[in-house]
Amino acid sequence: MSSAAGILSLDVEVIILKIFNDFAIYTVRTEKLKVFCSFVNINHQNLLSHSRTRWLSLMPAVERILKLWTPLKFLFDSEKRPPKIISDFFKRPISEIYFQFLHSNLNLFEKKKQKKR
1 MSSAAGILSL
11 DVEVIILKIF
21 NDFAIYTVRT
31 EKLKVFCSFV
41 NINHQNLLSH
51 SRTRWLSLMP
61 AVERILKLWT
71 PLKFLFDSEK
81 RPPKIISDFF
91 KRPISEIYFQ
101 FLHSNLNLFE
111 KKKQKKR
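Residue numbers (the numbering used here): 1 to 117.
What follows is the structure, given as structure tokens:
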């Protein structure tokens with residue numbers, strides 16, 4: 001499934017890792033995210049990393065970013081100098097559609113895999 005995501009014009013894995021690392025490094029940013037989550041009535045959850053060698057980690061990471069989409073977007077929009085790749089990602093309306101598409105397909109794949117067990 002990870003290689004199937006490669007046909008998108010967006011490197012989802014890079015975005016996931018950049019977002020995760022941005023919060024893993026800066027605890028202040030995590031606190032700001034908690035404030036934005038509270039503001040939009042979304043329960044804060046820690047972001048999940050994704051390992052390129054463990055494709056099964058992609059779905060939970062995509063799902064978590066989708067759950068926190070609005071506060072993440074607000075946070076990076078409010079930053080004076082956010083990381084360019086993340087800022088550009090959240091400014092593109094198609095980005096959320098890519099993540100929804102990928103999540104839907106990962107979910108289908110997961111259900112098929114569970115049926116075979």
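By construction, the Cβ of each residue, glycine as well, lies at the ideal position given by its N, Cα and C atoms. On a predicted model such as this, the values are computed, not experimentally measured, just so you know.
Own chain partners of residue i with C-beta closer than 7 angstroms, once the 5 adjacent residues on each side are dropped
{"i": "S51", "result": "S57"}
{"i": "S87", "result": "F76"}
Extent of the continuous alpha helix (DSSP H) run through residue i
{"i": "D11", "result": "Careful: D11 lies outside any alpha helix (DSSP H) and carries neither H nor E."}
{"i": "K115", "result": "I94 to K116"}
{"i": "R81", "result": "Segment: none, R81 is in no alpha helix (DSSP H) and carries neither H nor E."}
{"i": "L58", "result": "L58 to K67"}
Residue i versus residue j: straight-line alpha-carbon distance, rounded
{"i": "L102", "j": "V62", "result": "8 angstroms"}
{"i": "R64", "j": "L33", "result": "13 angstroms"}
{"i": "A5", "j": "V12", "result": "Residue placement at A5 is poorly supported in this model, since its pLDDT is 49, which falls under 50; the coordinates still yield a value, given next. The alpha-carbon atoms of A5 and V12 are separated by roughly 7 angstroms."}
{"i": "V35", "j": "N105", "result": "31 angstroms"}
{"i": "K111", "j": "M59", "result": "12 angstroms"}
{"i": "V40", "j": "N46", "result": "16 angstroms"}
{"i": "N21", "j": "V28", "result": "13 angstroms"}
{"i": "F109", "j": "K115", "result": "10 angstroms"}
{"i": "V14", "j": "K113", "result": "25 angstroms"}
Beta-carbon contacts of residue i that lie in its chain and below 8 angstroms, excluding the five residues immediately before and after
{"i": "W69", "result": "E96 and F99"}
{"i": "L17", "result": "S49 and H50"}
{"i": "F74", "result": "F36, F39 and V40"}
Close beta carbons around residue i, own chain, < 6 angstroms, minus the five adjacent residues each side
{"i": "L10", "result": "Y98"}
Inset, instruction - Would you list, in sequence order, the uninterrupted alpha helix (DSSP H) runs of no fewer than 4 residues that lie entirely inside the stretch 23–50? - result: 27–39
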